[in-house]
Ligand SMILES: [Zn+2]
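Numbering (my numbering), first residue to last: 1338 to 1655.
Next comes the structure, spelled out in C-alpha cells:
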C-alpha cells in the first residue's frame, strides 16, 4: 500500500496542534489538544498517540498508509535522534521524545525545532515556495528563526543553528532574555520587546497617545496603530526595531545569500508597516548584490506552518 499520509504534531506550551496531511500537502484534518505539562510533560507522547490513533480510525485511514510522524517542539532538538535537550515551555529536559513516540505509535518519528518546521512549511507550500536559500523569522511572543541553505534546514552541531532571536544586538547593558543572556534580538523585536521599548519611549514623550492605554494592556498592535497615526514615541520604537531586525537579517544574509526572507508570527500582521522599513534597513546594511537577489514576503501559512513543515519533514525523510 502506498504510504501517502503524514501525521504532524506541533507542540507548544499550551496546545499541541495535530494534523493528518496528504503527500501533496492537503490537510485532511487538523485539531488541537491541550499540552499536559504536569510531571515534566511525561504524558504528552501518550496524549498525541491516542489523539492520532482515534483520528485515523475516524477517517478510515489504514495504518499501512502512514509514512510517519513529523513533530516540532520549541527548544533545542537533535533532529537525527528526536532527542530533546531542552524545551523549557513544555518541561522537557534530556527527553528521548522521538523514540518514546515511535515506540507508542509504531510509526517512524522525525523531530525538529518548531521555528525550523515553520521555515520548512513556508518553503514547501508557503511564501518561500521552492527557495533553496531562505531565512524565516517568526515575530511572536519571542523571536524564532529557521535557515534553509542548499535546500536543507540548518541544525548545527547541537541543535542551535538558526536561533535568530538570540543573536546579540545590544552588546552591553541590554535587557535580560529568556535564554539567560542579555541584549538578544528577541528582547527588542518580539511583541514583548516592542511593548517594553514603547513603555520606555513614552516616559520621555509626554504627548504620546500610547499614554492613554493602561500600561498592563499595551500591545505591539497598539504601538503599530499609534505609529500609523504619526505618534512620535511609537514611530521611534518601530524605526528602532525594524532597523535592528533589518541589520541582523542583512548580517545573516552574508552567510547564506538568501533568495527569500519570510516574516511570520503575530507581529507580522502589521503587514507593509513592518515590511517596508524592514526592507529599507536590509538594503542599507546588505551588500548591494545580496540585496538584489532577495525578496521579502509575509508568511502565508499562519498557524498551519508548523504542521505543514512537520509533514514535510516526513516527506523529506521518507
Ligand atoms: Zn536570548
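Beta carbons are placed, not taken as given, at the ideal position from N, Cα and C, and that holds for glycine.
Sequence-distant residues of the same chain with beta carbon closer than 8 Å to residue i, five excluded per side
i            : result
residue 1496 : 1413, 1414, 1415, 1416, 1422, 1450
residue 1513 : 1519, 1524
residue 1569 : 1542, 1544, 1545
residue 1465 : 1456, 1459, 1471, 1473, 1485, 1597, 1599, 1634
Beta-carbon contacts of residue i that lie in its chain and below 6 Å, excluding the five residues immediately before and after
i            : result
residue 1369 : 1352, 1354
residue 1648 : 1343, 1345, 1358, 1407
residue 1404 : 1340, 1343, 1651, 1655
residue 1564 : 1571, 1572, 1575
residue 1401 : 1338
residue 1389 : 1344
residue 1360 : 1341
residue 1348 : 1410
Cα-Cα separation between residue i and residue j, rounded to whole angstroms
i            : j            : result
residue 1629 : residue 1613 : 15 Å
residue 1409 : residue 1431 : 16 Å
residue 1371 : residue 1420 : 22 Å
residue 1515 : residue 1378 : 20 Å
residue 1603 : residue 1576 : 18 Å
residue 1394 : residue 1468 : 36 Å
residue 1641 : residue 1475 : 13 Å
residue 1463 : residue 1637 : 5 Å
residue 1478 : residue 1555 : 14 Å
residue 1499 : residue 1392 : 34 Å
residue 1489 : residue 1364 : 23 Å
residue 1558 : residue 1611 : 11 Å
C-beta atoms of residue i and residue j nearer than 8 Å
i            : j            : result
residue 1482 : residue 1502 : yes
residue 1596 : residue 1627 : no
residue 1362 : residue 1461 : yes
residue 1619 : residue 1586 : yes
residue 1506 : residue 1531 : no
residue 1438 : residue 1526 : no
residue 1386 : residue 1454 : no
DSSP beta-bridge partners of residue i
i            : result
residue 1409 : 1347, 1449
residue 1366 : 1357
residue 1421 : 1414, 1432
residue 1403 : 1342
residue 1601 : 1475
Contact set for residue i: own chain, Cβ-Cβ below 7 Å, skip 5 residues either direction
i            : result
residue 1373 : 1380, 1381, 1384
residue 1280 : There is no way to answer for residue 1280, as the model of the chain reaches only from 1338 to 1655.
**Q.** alpha helix (DSSP H) runs wholly inside the segment 1425-1500, at least 4 long, in chain order
**A.** As summarised for the segment 1425-1500, the continuous alpha helix (DSSP H) elements at least 4 residues long and confined to that stretch are 1434-1442, 1451-1462, given in chain order.
Q.
For a minimum of 4 consecutive residues, which ranges assigned as the alpha helix (DSSP H) are wholly contained in the segment 1519-1591?
A. 1523-1526, 1528-1540, 1557-1565
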